[in-house]
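Chains as they are written, first to last, in the numbering used here: chain A, 24 to 481; chain B, 24 to 481. Idealized CB from N, CA, C, for every residue including glycine. Everything on this sheet refers to the single structure shown next.
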């Protein structure tokens, strides 16, 4: 695996001479951000993008660790043969049209595997976007990666996927390391898990799986079981439905297996199975932005009693519980409220905030609640400031200030339609994360709770 | 109900003399957008905001249709008494601290009900934000309503709620008419349903329910059954959990009942029960922006095979199915693809788009797919344009253009992190709606399908 993510030298076999989507952009990206040696290979060019090009990889006058092949499929077996002769350690085959496509592709793929195995060369793909490593600037992906430079992506999250799709990250979160296994003719989930288990730059491992091949199930589950004791593993398993399974087979040539059996086994092995990209994004965000959750008690401060009722429903459904506030905490909050209003959790703060000023009341109440021993996490609910009038009662600065004083997760749900800038600003606060719905906020806390029970703390 | 949403004259009882949150802002809003007569009532002022004020509602020298009371709770019974003497038809009691609070509040509320009933006056509340009617500019809510002027809110959607929370709308969608029932001491869900059944400005009715009082269940379900035959009714029922139920009782004094029994009865009566605000928002958006769905066949055009697999899973889970594309449609798409690639639904368009140009290929493929008889709706998946490079392969203009030619819903899921402006621009296209996840896009289609089966078309 090391050779794929940390090569010292790389040959790009099949770079076009002129600008077009694909390997040309990969070369451009590598020249910009990768420190190692890069050798373009193209039989019809002597120079590409100002770099000397070679007719064959065998003509490169230096050692090559890794070859990235993106020629037509018919040419790939020969290119792999030449890589073996050259003595490379790893080959990434970007080209599509192999086991996932038709019988001819299947035969070509088998030929490649034979050649590589005989030559002691590891193969990633075919049908892969390859890898990305933000820590050393090495990426074989073509595309501008949402305009976020590699060095700004050094997050302790690795994504191992059966598609190039996730190189773009999940929502606004980008992986520090990414591996697209494609058709998995050789390098597979077990190789990746073994690597990331020991990789010190990785703290969270995400697997996107469509399926496994043949009898790999047991080896894979053993690897999950071992690695999950050290680092949380999130798994998004697609191809659940009959139709989805059929499509997965044609997408990467993998057999999906029975979803329930599969995910039950994964859960038993210690992985966290998520049901969609949203959960993947939420749990990753929670893990990166929030401190560990030590307990199941959740407190809520809300501008709307109706939202409090909704939270109560969801908290119970997610296996957490509403904190029982101490009499001391309640007395402190009661000072802001009319006598007839019985203070409880969720804390409906509206009447007090209107009477005494939102920031003053919010600051005191959030601090009182976070001091309470039965409060392991806090959910704040208020209006997204969409007008100047709202901005006057905005409490984001107060939340950021107080949340930073406690090592407890503070999650926020904003009612209305907050701007991306507003959310980003709020999330610059320590221990604060914003979620788009009440349920997603509470589920993220439940995930942190599960991580704490399994691993102690992260 | 009419007197609450379309009064000709209104008295605001308990407007403070000076600016502060609450009734003062209501007066300000009414003077700005309401055409009828407005009379502030305050025993200590002769003029507020340049308008003559009266010591008592009885001093107003003209007929008053509606009184809005926001004095301290102790004074409310007397104010209601005076309203009866004045001969108003309806009273909105904004004040909190009645049946939802304590025994004293309960007693005060009972006194109010007796007085009003004896005097033939209908009461909305107490503990309510009142009403909003974007069509005539009448609103008793205090707050700037997210900066969106009332006249821009004339949407054929009515929200009936047990909280003021939803006056802000659901996400970015605003109700054309809004009623907060509060403690429901008199006016209730049945009154509201009967009104909106006949209201020609309303096509979709949303109910946020925490619960009903006493033995109203049967009357309510009969009303739902009747109205649901004419207009879709979306119901968000909160207070599902034990804790949530307890909180709902203290929030509006309502008994929540058993959630399962309750929602099963609602479904049987023809309502659409949603599980959270997201669904409320998605279904409302689908209803407003998309044409009726005539069939269960969904086609998908995607830049990523992995996303196709995910859609297949969700489509099946939502009770829809992937369209079987005709041989004619497939042949037309195949022209853009390499021979080894087997075209099917979901249509993985990436290889063709890269080879021949995204816009050209997308335009032809989307038109081919929408022409297909087995395609009732289309889901388009592509990258949110986050960089200049992405902008070059952006296909939003093509989607808008072609979607407008067919009377079929086109839903879009953008991978990455699209800006709110980009989404708004895309949704200006006819028959196009953007959803934040694959599941939510498909669920919205499933909702349209259910509406068509129940009501024919909207």
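**Request:** Could you work out which residues of chain A lie near residue 363 (chain B), taking near to mean beta carbons separated by less than 8 angstroms?
**Result:** Counting from 1 along the second chain, the entry for residue 363 (chain B) is found at position 340. In chain order: 96, 120, 124, 125, 127, 128.
**Asked** residue 202 (chain B): which of B:212, B:293, B:365, B:262 sits nearest, CA to CA?
**Response** Start at 1 with the first residue of the second chain, and residue 202 (chain B) comes out as number 179. Of B:212, B:293, B:365, B:262, the residue nearest in Cα terms is B:212.
**Request:** Residues of the stretch 369-401 of chain B with a CB closer than 8 angstroms to any CB of chain A: list them in chain order, please.
**Result:** Listed by position along the chain: 369, 371, 374, 377.
**Request:** Please state if the CB of residue 100 (chain B) and the CB of residue 121 (chain B) are separated by a distance shorter than 7 angstroms.
**Result:** By 1-based counting over the second chain, the position of residue 121 (chain B) is 98. By 1-based counting over the second chain, the position of residue 100 (chain B) is 77. No.
**Which listed residue (B:268, B:72, B:405, B:381) has its alpha carbon closest to that of residue 441 (chain B)** = The residue you call residue 441 (chain B) lines up with position 418 of the second chain. Cα-wise, what sits closest to residue 441 (chain B) is B:405.
**Request:** Take residue 255 (chain B) as the anchor and find which of B:26, B:174, B:29, B:476 has the nearest alpha-carbon.
**Result:** The count along the second chain starts at 1 and reaches residue 255 (chain B) at position 232. Closest by alpha carbon: B:476.
**Asked** Alpha carbon to alpha carbon, what distance is there between residue 39 (chain B) and residue 70 (chain B)?
**Response** Residue mapping note: residue 70 (chain B) aligns to position 47 of the second chain, counting from 1. Residue mapping note: residue 39 (chain B) aligns to position 16 of the second chain, counting from 1. The straight-line gap from Cα to Cα measures roughly 11 angstroms.
**Asked** Residues of chain A with CB under 7 angstroms from residue 266 (chain B), in chain order?
**Response** Mapped onto the second chain, residue 266 (chain B) falls at position 243. The contacting residues are 335, 339, 345.
**Message:** I'd like the list of long-range same chain contacts for residue 316 (chain A), defined as Cβ closer than 7 angstroms, with 5 residues on each side in sequence excluded.
**Reply:** Residue mapping note: residue 316 (chain A) aligns to position 293 of the first chain, counting from 1. These residues qualify, in order along the chain: 399, 400, 432, 468, 471, 472, 475.
**Asked** Between residue 311 (chain B) and chain A, is there a C-beta pair that is closer than 7 angstroms?
**Response** Numbered from its first residue, the second chain carries residue 311 (chain B) at position 288. Output row for residue 311 (chain B): interface = no.
**Prompt:** Using a C-beta cutoff of 7 angstroms, does residue 440 (chain B) count as contacting chain A?
**Reply:** Position 417 of the second chain, counted from the first residue, corresponds to residue 440 (chain B). Answer yes: the Cβ-Cβ gap between residue 440 (chain B) and chain A drops below 7 angstroms somewhere.
**Request:** Since I believe residue 96 (chain B) is in contact with residue 131 (chain B) (beta carbons under 8 angstroms), could you give me their beta-carbon distance rounded to a whole number of angstroms?
**Result:** Residue 131 (chain B) sits at position 108 when you count from the first residue of the second chain. Residue 96 (chain B) sits at position 73 when you count from the first residue of the second chain. Contact flag correct, Cβ pair sits at about 6 angstroms.
**Prompt:** Considering only the beta carbon of each residue, do residue 64 (chain B) and residue 80 (chain B) sit closer than 7 angstroms?
**Reply:** Your numbering for residue 64 (chain B) matches position 41 in the second chain. Your numbering for residue 80 (chain B) matches position 57 in the second chain. In this structure, residue 80 (chain B) lies closer than 7 angstroms to residue 64 (chain B) by Cβ.
**Prompt:** Which residues bound the alpha helix (DSSP H) around residue 392 (chain B)?
**Reply:** Counting from 1 along the second chain, the entry for residue 392 (chain B) is found at position 369. 381-394 is the span of the alpha helix (DSSP H), which, as asked, contains residue 392 (chain B).
**Request:** Give the straight-line distance between the Cα atoms of residue 73 (chain A) and residue 297 (chain B), rounded to the nearest whole angstrom.
**Result:** The sequence position of residue 73 (chain A) within the first chain is 50, counting from 1. The sequence position of residue 297 (chain B) within the second chain is 274, counting from 1. Looking at the two C-alpha atoms, the distance is approximately 59 angstroms.
**Asked** Listing by chain order, which chain A residues have their CB less than 7 angstroms from the CB of residue 39 (chain B)?
**Response** Here residue 39 (chain B) corresponds to residue number 16 of the second chain, with the count starting at 1. Those do not exist, as residue 39 (chain B) stays about 12 angstroms from chain A at its closest Cβ, beyond 7 angstroms.
**Asked** Do the CB positions of residue 352 (chain A) and residue 391 (chain A) come within less than 7 angstroms of each other?
**Response** Here the question's residue 352 (chain A) lines up with position 329 in the first chain. Here the question's residue 391 (chain A) lines up with position 368 in the first chain. Yes, the pair counts as a contact, with Cβ atoms nearer than the cut-off.
**Prompt:** If you count every other CB in all the chains shown that lies within 10 Å of the CB of residue 78 (chain B), and 16 or more means buried, which is it?
**Reply:** The residue given as residue 78 (chain B) occupies position 55 in the second chain. Per the 10 Å Cβ criterion, exposed.
**Item:** Partner residues on chain A for residue 263 (chain B), Cβ-Cβ distance less than 7 angstroms
**Value:** For this step, residue 263 (chain B) is matched to residue 240 along the second chain. Within 7 angstroms Cβ-Cβ: 336.
**Prompt:** So, using beta-carbon positions, are residue 200 (chain A) and residue 181 (chain A) closer together than 7 angstroms?
**Reply:** Here residue 200 (chain A) refers to the residue found at position 177 of the first chain. Here residue 181 (chain A) refers to the residue found at position 158 of the first chain. Their beta carbons are under 7 angstroms apart, which means residue 200 (chain A) touches residue 181 (chain A) by this criterion.
**Request:** Just confirm the distance between the C-beta atoms of residue 116 (chain A) and residue 138 (chain A), as a whole number of angstroms; I'd bet it's less than 8 angstroms.
**Result:** Taking the first chain and counting its residues from 1, one reaches residue 116 (chain A) at position 93. Taking the first chain and counting its residues from 1, one reaches residue 138 (chain A) at position 115. That pair is no contact at about 12 angstroms.
**Request:** State yes or no: is the beta carbon of residue 483 (chain B) nearer than 7 angstroms to at least one beta carbon in chain A?
**Result:** A query on residue 483 (chain B) cannot be resolved here, the shown segment of chain B reaching from 24 to 481 and no further.
**Asked** Rounded C-beta distance between residue 146 (chain A) and residue 164 (chain A)? I'm assuming under 8 angstroms.
**Response** Here residue 146 (chain A) refers to the residue found at position 123 when the first chain is read from its first residue. Here residue 164 (chain A) refers to the residue found at position 141 when the first chain is read from its first residue. Rounded, the Cβ-Cβ distance is 18 angstroms, inconsistent with contact.
**Message:** By alpha-carbon positions, which one of A:380, A:402, A:343 ends up nearest to residue 370 (chain A)?
**Reply:** The residue you call residue 370 (chain A) lines up with position 347 of the first chain. Answer by Cα proximity: A:402.
**Request:** Would you kindly work out how many angstroms separate the C-alpha atoms of residue 338 (chain B) and residue 428 (chain A), rounded to a whole number?
**Result:** Stepping through the second chain from its first residue, residue 338 (chain B) is reached at position 315. Stepping through the first chain from its first residue, residue 428 (chain A) is reached at position 405. Straight-line spacing of the CA atoms in residue 338 (chain B) and residue 428 (chain A) works out to 46 angstroms.
**Message:** Given this structure, state the Cα-to-Cα distance separating residue 61 (chain B) from residue 478 (chain B), to the nearest angstrom.
**Reply:** By 1-based counting over the second chain, the position of residue 61 (chain B) is 38. By 1-based counting over the second chain, the position of residue 478 (chain B) is 455. Spanning the two alpha carbons is a distance of roughly 41 angstroms.
**Request:** Over the uninterrupted beta strand (DSSP E) stretch that includes residue 333 (chain B), give me the two end residues.
**Result:** As a first step, residue 333 (chain B) is located in the second chain; it is residue number 310 there, counting from the start. Judged by DSSP secondary structure, residue 333 (chain B) falls outside any beta strand (DSSP E) and instead within the alpha helix (DSSP H) spanning 328-340.
**Message:** Going by beta-carbon coordinates alone, are residue 89 (chain B) and residue 33 (chain B) separated by less than 7 angstroms?
**Reply:** Sequence index remark: in the second chain, residue 89 (chain B) carries index 66 (1-based). Sequence index remark: in the second chain, residue 33 (chain B) carries index 10 (1-based). A contact, by the Cβ cut-off of 7 angstroms.
**Item:** Short-range partners of chain B found in the stretch 172-200 of chain A, where Cβ spacing is below 9 angstroms
**Value:** 184, 185, 186, 187, 188, 189, 191, 192, 194, 195
**Request:** Use the C-beta contact count for residue 143 (chain A): other C-beta atoms within 10 angstroms, 16 or more gives buried, fewer gives exposed.
**Result:** Residue numbering aside, residue 143 (chain A) sits at position 120 when the first chain is read from its first letter. Looking at its Cβ environment, which holds fewer than 16 other Cβ atoms inside 10 Å, residue 143 (chain A) is exposed.
**Asked** Do you know how far the Cα of residue 107 (chain B) is from the Cα of residue 436 (chain B)?
**Response** Here residue 436 (chain B) refers to the residue found at position 413 of the second chain. Here residue 107 (chain B) refers to the residue found at position 84 of the second chain. Taking the straight line joining both Cα atoms gives about 55 angstroms.
**Asked** Would the beta-carbon of residue 35 (chain B) fall within 7 angstroms of that of residue 50 (chain B)?
**Response** Within the second chain, residue 35 (chain B) is the residue found at index 12, counting from 1. Within the second chain, residue 50 (chain B) is the residue found at index 27, counting from 1. In this structure, residue 50 (chain B) lies closer than 7 angstroms to residue 35 (chain B) by Cβ.
**Prompt:** Three-state secondary structure (DSSP) at residue 201 (chain B)?
**Reply:** Translated into the one-based positions of the second chain, residue 201 (chain B) becomes position 178. Strand, per DSSP.
**Request:** Starting from the Cα of residue 322 (chain A), find the closest Cα among A:367, A:289, A:307 and give me that residue.
**Result:** Counting from 1 along the first chain, the entry for residue 322 (chain A) is found at position 299. Residue 322 (chain A) has its Cα closest to that of A:367, out of A:367, A:289, A:307.
**Prompt:** Closer than 7 angstroms, CB to CB, is residue 355 (chain A) near chain B or not?
**Reply:** The residue labelled residue 355 (chain A) in the question sits at position 332 within the first chain. When Cβ-Cβ separations below 7 angstroms define contact, residue 355 (chain A) makes no contact with chain B.
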